[in-house]
Amino acid sequence: MDIQTILFVTKFETLWFDALASLLDLRKAALEHVVFLNVIEREKVALHRGRGYQKREEIKLREMANIRFIDWAETLFEQGMEVGAYIVVGNLQQQVIRTSEKENVDLIVIGNEKKKRFELFFSPSDVIEILRRSHKPVLVYKYRGNGGSQENKPFQRPLIATCFSNTMRKVFAYLKKLDRIIEEVTIVHVADPGKLQQGSAMAIQKTRLVTRRKLDEACDELTAAGIRATPKVYVGDPVREIEIAARECNATMIVAGTAHKKTIAERFVGGTPRALVEKSAFPTLLVPPDPDQRKQQPRRSTGGNPPQRRGVTHGI
Amino acid sequence: MSKQVLIVDDDPDVRLFNKTVVEESGCTPLEAANGEEGLAILKDQKPDLVILDVLMPRQSGIRLYRELKTDKALKDIPIIILSGIAKKTFLRSQKALTEFGGEAVPEPEVYLEKPVEPEQLAQEIQHMLKS
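For the record, the sequence lines run as chains A and B.
With my numbering applied, the first sequence covers 629 to 944.
With my numbering applied, the second sequence covers 3 to 133.
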């Protein structure tokens, strides 16, 4: 799956043109089309008692976005790229999904919106909702420097966090197409310390060996595709360890798969990908399973098994 | 029979403005909200003139312009570019696309940067249709 078209979603608050510029090395692969999307939230122009619909405010916001997009588009047009822009009033999540399908994009790029825990309880972040509903990979872009500059190109040294699920195939297929951009990949598996406590030293070593072999196979697959890959095994809390691994490997981005489950609880109790989106300092690329894989997701047992802590789940 | 002018612009307000000017000029307006729709109408109806925006969803005016000017059946249809994108950007982008292996295309007959006065647009429409 080539990345030919990117949907770049911005409110001009957390994501600017330099973020897009850091992704333009994707042109060496297949990128040729960027679609800008700015969603003017309804609350900004409507839903105010006694004031009616504020058409003037809408026009002002549209034109402000239009001026930015024209400026950005000029830069891309001059490089021979195709550019499109949508400025719409509505619900961010719906508009992102709708536009991504209409334009058949290969990657959604969105900034990370900071919400307080209390707010998240009542209304999960837009990013999480988009991840739940989208069939397209989503790159949650984060600026790593304090000044907002982005020196690294996210696809240069990605770190893949894997638990060996079916989504790993999709992630690999996605990254293999980027062999001309990726310098090196680190594949990390974080073992559950709970499982290790139950076994003998021999059993623990065996677990490590089996995991390492699986990682080696994964690395061989990427190496065969021309991408240098290194395996790493960590033990502990997945989010914390993935973050440590990303720092130790000087990664430019974390890549994880998602496995969607349709439960109400998932909206409020996130899994590893959700925690990575909310807590990690690294840009996070989340790849959803194929639609047919989603349908095959087993229903949660009503028997004695403890419920899984998960929303958008850790699933590569 | 009045001449047909195709307006390709994603902004409904701009389409309405252009449509009014086209009607005032005694022509019949046709409308498209993006490059893809525009190309379909062009192939189907072969209008006498196109007023084309550049920055649009689905297919930009830059790509549509290129498709028109490299299509034997459509390349003689005159085009007025009406856009917020600067003319020099448009020309540079065409040059870049040519360098990427595309066919060289001529400069647009008329390039107007938004906003445009209705009198100026009407004058250009009349001029293009006469020539």
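Glycine is no exception: its CB is placed at the ideal position from the N, C-alpha and C atoms.
All values derive from a computational prediction rather than experimental measurement.
- Look at the beta carbons and you see the segment 834 to 848 of chain A not touching the segment 870 to 887 of chain A: under three pairs across the two are nearer than 8 Å.
- Cβ-Cβ distances below 6 Å link Gly-739/A to Thr-642, Leu-643 and Tyr-769 in the same chain, with the five nearest sequence neighbours on each side left out; the list follows chain order.
- At a cut-off of 7 Å between beta-carbon atoms, Arg-94/B makes contact with chain A.
- Across the structure, Arg-94/B and Ile-64/B are spaced so that their CA atoms are roughly 11 Å apart.
- The beta carbon of Lys-132/B is closer than 8 Å to none in its chain, skipping five residues each way along the sequence.
- Non-local C-beta neighbours of Ile-736/A in its own chain, meaning closer than 6 Å and more than five positions away in sequence, comprise Leu-635, Ser-728, Lys-764 and Val-766, ordered along the chain.
- When Cβ pairs closer than 8 Å are counted between the two stretches, the segment 899 to 917 of chain A is seen to touch the segment 791 to 805 of chain A, the count reaching three or more.
- If you compare the alpha carbons of Glu-69/B, Thr-72/B, Ser-27/B and Asp-13/B with that of Met-130/B, the shortest gap goes to Ser-27/B.
- Taking a beta-carbon distance threshold of 7 Å, Ala-701/A counts as an interface residue toward chain B.
- Chain A places a beta carbon closer than 7 Å to that of Pro-59/B, counting this residue as a contact.
- The segment 7 to 25 of chain B and the segment 36 to 51 of chain B touch, with no fewer than 3 CB-CB distances between them shorter than 8 Å.
- In the three-state reduction of the DSSP assignment, Gly-37/B falls in the helix class, which pools H, G and I.
- Residues of the segment 100 to 133 of chain B whose Cβ lies closer than 8 Å to any Cβ of chain A, in chain order: Glu-101 and Phe-102.
- Non-local beta-carbon contacts of Thr-91/B in its own chain, meaning distances under 7 Å to residues more than five positions away in sequence, are absent.
- Put simply, of Thr-30/B, Leu-57/B and Gln-61/B the residue whose alpha carbon is nearest the alpha carbon of Ala-42/B is Gln-61/B.
- Contact between Leu-57/B and Val-711/A holds, since their C-beta atoms are separated by about 6 Å, short of 8 Å.
- In terms of CA proximity to Gly-864/A, Ala-873/A leads the group Ala-873/A, Thr-858/A and Phe-645/A.
- Listed along the chain, the chain B residues whose CB falls inside 8 Å of the CB of Glu-731/A are Pro-59 and Arg-60.
- Residue range 51 to 54 is occupied by the beta strand (DSSP E) that includes Leu-51/B.
- In terms of Cα proximity to Thr-795/A, the closest of Lys-688/A, Gly-822/A, Tyr-714/A and Pro-901/A is Pro-901/A.
- At a cut-off of 7 Å, the C-beta of Ile-698/A has a neighbouring C-beta in chain B.
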